[in-house]
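Everything on this sheet refers to the single structure shown next.
Numbering (the working numbering), first residue to last: 6 to 66.
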């Protein structure tokens, strides 16, 4: 089986691939890297970052 070219996949294609191949760590890491380049998207990696982002959004409205 040949390895897909993750560099050529758009975000949605890569997400679909990651969901159907949960053990493919290379694809997962590429997807996480790609998420960080999407404008307006916030990636949180800790509970503290999540809480801070939620507070920011609540107070913005």
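Each residue gets a CB set at the ideal place from its N, CA and C atoms; glycine is no exception. All values reported here derive from a predicted model rather than from experimental measurement.
Assigned exposure category for residue i - 16 Cβ within 10 Å defines buried
{"i": "residue 92", "result": "Limits of the chain in this structure are 6 at one end and 66 at the other, which puts residue 92 out of reach."}
{"i": "residue 19", "result": "buried"}
Residue i - DSSP class collapsed to helix/strand/coil
{"i": "residue 42", "result": "coil"}
{"i": "residue 52", "result": "helix"}
{"i": "residue 63", "result": "helix"}
{"i": "residue 30", "result": "helix"}
{"i": "residue 14", "result": "coil"}
Inset, instruction - Could you tell me whether the region 33–43 touches the region 56–63, using the rule of 3 or more Cβ pairs below 8 angstroms? - result: no
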